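Working notes, structure below.
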Amino acid sequence: MIAIIGGSGLTQLSCLEISHRKNISTPYGEPSGPLTFGKIYNQDVVFLARHGHDHSIPPHRINYRANLWALHSVKPIQVIAVAAVGGIREDLTPGSMVIPDQIIDYTYGREFTYFDGVDRPVTHIDFTNPYSQVVREALLEAAKKASEPIIDGGVYAATQGPRLETAAEINRLERDGADLVGMTGMPETALARELGLNYATIAVVANSAAGRGDNVDTIPLEEIFAVLDKAMVGVRNVLEHMVN
Ligand code: HPA
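Its first residue numbered 22, the sequence shown is counted upward by one per residue in this note's numbering.
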C-alpha cells in the first residue's frame, strides 16, 4: 500500500479507482477526513486530503498527529506528501516540481510530537536527513519515466501561515539556506519519522515567493490555484509512474 497526502490543488486523485472510504478515530483526535482506498493500476493506494476534501482546514489547524497516525494504522510502505510551495530560488518558477532533501522549521503552536512525555517516555528521533532517500529516489525515477522535469533537492522552509511572508522574511529564509517555502511541511515530516514511516515530499511551486520573480510588490493570489491546477497534471503523471 502506498499512501498519498494531497495538499492544496490536490483534494482528490482522479487517477484513483476508489474502492471505499473509512473514517478512522485516533488517540489524537480526528484526521482531516476519511481515508480513501483504491487502486492506481494494480497498486493499492490510500489517499488523504490534508486540508479536508473541501479544503476548509488551514495549515495551523490541521491535526497532523491524527493524519499520520491514521495513515500509519494501514501500514503503508511509502508515504508521498504533495505540497504547494512558494519558490525562493530563482530556478523554482511557478509550475516547477521539486523533491526537497532538507527542511527548516519556523512553525509554532502546533502539536508537533507523539513523544510529549505524557504517556510515552522521552524519545529523540534522528532527523539529520528528514526525508526517506528511498522514496525520494522512487519519485525521481518515476518523474524520469513520466518525462516530467523535476528538481532533485532543495531546502523547504516551513512557515506558520496562513498569511504569506513579507519580502524581508523571504530574504531571511534565503540567508538561512531555504530554496522553497510552504506551510504544512512541519510537523508532518517529523511526525512521519517518529512513526517510522518512509516519507518524502513532492513540492509544486504555486508562485514565486514574496518579493521574488514577477512578485516584486504583490503575490497574485488568484493565479495560484490556476497554476496548481495545471501543475497537478504533472504530479498525477509522476504518481501514476510511481506505481506502474
Ligand atoms: N509561502 C508559503 N506557503 C506557500 C506559498 C508561499 O509563497 N505558496 C504556496 N504555499
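Where a beta carbon is used, it is the ideal one built from N, C-alpha and C, also for glycine. Just so you know, these numbers come straight off a predicted model, no measurement behind them.
Setting aside the 5 residues that flank it on each side, residue 144 is surrounded in the same chain by 136, each with a C-beta closer than 7 Å to its C-beta; the list follows chain order. Of the other Cβ atoms in all chains shown, 16 or more fall within 10 Å of the Cβ of residue 93; this residue is therefore buried.
Bounds of the alpha helix (DSSP H) holding residue 210 are 206-215.
The beta carbons of residue 74 and residue 47 sit no closer together than 7 Å. Residue state for residue 148 is assigned as coil, using DSSP reduced to three classes. For ligand 1, residues qualifying as neighbours are 105, 106, 107, 180, 185, 186, 202, 203, 204, 227, 228, 230, where qualification means a beta carbon closer than 6 Å to at least one of its heavy atoms (chain order).
Its chain contains 191, 194, 195, 199, 200, 201, 202, 230, 233 as the residues whose beta carbon lies nearer than 7 Å to that of residue 109, once the 5 sequence neighbours on both sides are disregarded; these appear in chain order.
By the beta-carbon neighbour count (other beta carbons within 10 angstroms, threshold 16), residue 155 is exposed. Between residue 225 and residue 118, the CB-CB gap stays under 7 Å. Closest by C-alpha distance to residue 260, out of 182, 204, 164, 80, is 164.
Straight-line spacing of the CA atoms in residue 179 and residue 38 works out to 32 Å. Distance from residue 106 to residue 227 at the Cβ level is roughly 7 Å; contact confirmed, criterion being Cβ atoms closer than 8 Å.
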